[in-house]
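When we follow the working numbering, the leftmost residue of the sequence shown carries the number 1107, and every step to the right adds one.
In this text, a Cβ means the ideal position worked out from N, Cα and C, and glycines have one as well.
Please read all numbers here as calculations on a predicted model, not as lab measurements.
The next block holds one structure in the form of structure tokens; read it before the comments.
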Amino acid sequence: IASNITFFMKILVTGGTGYIGSHTIVDLLEQGMEVVCIDNGINSDQNVLKSIEEITGKKVGFYPNDLCDNEATKHIFETEKPDGVIHFAALKSVGDSMTQPFEYFRNNLLSLINTLQHAHNTGTKAFVFSSSCTVYGNVSHSPVTEDTAQQPAASVYGRTKQMGEVIIEDALQKSEMKASLLRYFNPAGAHPSGKLGESPLQLAQNLVPVITETAIGQRASLQVFGTDYNTRDGSCIRDFIHVCDLARAHTLALRYLISNANAQSIETFNLGMGQGVTVLEAINAFEKVNGIKLNYTLADRREGDVIAIYSDYSRAKEKLGWQPQYTIEDIMKTAWQWELNKNNKA
Ligand code: WQD
């Protein structure tokens, strides 16, 4: 099937110096694709491209532009005429989105509209969109499939992803371009080479980087937000998925779209490990696999948290031939290795 065909494609990756973007570029290059990256650098460092080139021995084209700049975006598309686009670029802090809604709507939606329009205008065939399990809102039952009814989004960030999906659906009705909407669950972990991982310029808020920052001593302790939920140990349940597994799903989605294997012009895929892990279990997994005791306290619930959600990824398995390879232990091991390397303590 699709994965046996060799493609020589030029892929434009927006937000390519970010966490998931950078790991995906490595996979695309290793699978023989040519990559051009756009990133305005507001939450990532251009030096990431050096690490990508070290891992793969290949070069990446780079534009330091903002996709909200319509003229610049148009120029890049007309110059590069990519076969496929992966649109990662977005703001992604749930908390910030509540205090800066205009920034979130402007940045996440305007960049999408510009990217989508110029991709369509320059004949791009495949469009892959970074969506999120947050589009499901506070569901009452897991696992969720792509057809699980969406609840109101718990944050403005989640709203931008719900709206982003709708914009793509409407915009592509009269386009030759096809799209995959990838709904990520909780991305975590780092590249096994130790050369690439999550390095946000802003303070980490997600559980796994907070764990590693606590373990290395950058934070005095870690708070477990809520231990009185109706779950097996009282803490929230999430579906952590290794960033390299996610990266591979993008490569497969592009192949799938370009080889015309998809029946509909837009398809949605859940990307998770298909397993619910509680926050306390995640902490235990980190402690066990790395032999480190974490300093944590049981704290109040965090506003806006979904109680429990995990994925049914059978559609991605069936249609893209995708299956996670890494375990929660691998996630915790690679995340810790990366934290040590970042701090030169390996
Ligand atoms: C996970 C669990 C916290 C920090 C959000 C988005 C989602 C995705 C990832 C991307 C929760 C608990 C956390 C801490 C804790 N998209 N926690 N102490 O909220 O599931 O998902 O980020 O950008 O779309 O909604 O991820 O890692 O913040 O939290 O107890 O210091 O860990 O309460 O239960 P979340 P998270």
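query: Is N1312 near the ligand WQD - that is, is its Cβ less than 7 Å away from at least one heavy atom of it?; result: yes
query: Helix, strand or coil for A1232 per DSSP?; result: strand
query: Identify the continuous beta strand (DSSP E) that holds E1409 and give its terminal residues.; result: Counting along the chain, E1409 falls outside any beta strand (DSSP E), and DSSP gives it neither H nor E.
query: Beta carbon of W1442, beta carbon of G1300: below 8 Å?; result: no
query: Per DSSP, which one or two residues make a beta bridge with S1286?; result: V1234 and E1373
query: Does the distance between the C-beta of V1383 and the nearest non-hydrogen atom of the ligand WQD fall short of 7 Å?; result: no
query: Could you compute how far the alpha carbon of R1212 sits from the alpha carbon of H1181?; result: 21 Å
query: Alpha carbon to alpha carbon, what distance is there between T1130 and L1426?; result: 16 Å
query: By Cβ distance, which residues of its chain are closer than 8 Å to N1110, with the 5 residues on each side in sequence left out?; result: Below a pLDDT of 50, predicted positions are generally treated as unreliable, and N1110, at 48, falls in that range; the measurement from the model is reported next regardless. Same-chain partners within the cutoff: there are none.
query: Would you kindly check if the distance between the Cβ of A1285 and the Cβ of V1314 is under 8 Å?; result: no
query: If you draw a straight line from the C-alpha of C1082 to the C-alpha of Q1206, how long is it?; result: Nothing about residue 1082 can be read from this structure; the chain reaches only from 1107 to 1452.
query: Ignoring anything shorter than 3 residues, give me the beta strand (DSSP E) runs that lie fully in the region 1137 to 1210, in order along the chain.; result: 1140 to 1144, 1167 to 1169 and 1190 to 1193
query: By Cβ distance below 6 Å, which residues in the same chain neighbour L1287 in space, the five residues on each side in sequence not counted?; result: F1235, S1237, E1271 and T1374
query: CB of R1408 to nearest heavy atom of the ligand WQD: below 7 Å?; result: yes
query: List the residues that DSSP assigns as beta-bridge partners of T1357.; result: DSSP lists no partner for T1357.
query: From the DSSP output, in three-state form, read off A1108 for me.; result: Low per-residue confidence applies at A1108: pLDDT is 49, beneath 50, and the placement is therefore not dependable enough to give any value.
query: Taking 7 Å as the cut-off, is the CB of D1172 close to at least one heavy atom of the ligand WQD?; result: no
query: To the nearest angstrom, how far is the alpha carbon of I1219 from that of R1289?; result: 19 Å
query: How many Å lie between M1115 and M1139 at the Cα?; result: 5 Å
query: Where does Y1402 fall in DSSP's three states?; result: strand
query: In its own chain, which residues sit with a C-beta less than 7 Å from the C-beta of Y1210, not counting the 5 before and 5 after it?; result: L1197, S1203, V1262, Y1263 and T1266
query: Along the beta strand (DSSP E) that carries L1278, what are the first and last residues, could you check?; result: Run containing L1278: none; DSSP gives neither H nor E here.
query: For the ligand WQD, is there any heavy atom lying closer than 7 Å to the beta carbon of T1240?; result: yes
query: Going by the DSSP bridge assignment, what does V1330 pair with across the sheet?; result: L1404
query: Write down the C-beta distance between Y1419 and S1327 rounded to the nearest angstrom, noting that I regard them as a contact closer than 8 Å.; result: Their Cβ separation, rounded to whole angstroms, is 34 Å, which puts Y1419 and S1327 out of contact at 8 Å.
query: Take L1222 and list the residues in its own chain whose beta-carbon comes closer than 6 Å to its own, dropping the five residues that flank it on each side.; result: A1277
query: Compute the Euclidean distance between the alpha carbons of F1346 and V1142, then round it to the nearest angstrom.; result: 28 Å
query: Sorry if obvious, but does the Cβ on K1198 come closer than 7 Å to a heavy atom of the ligand WQD?; result: yes
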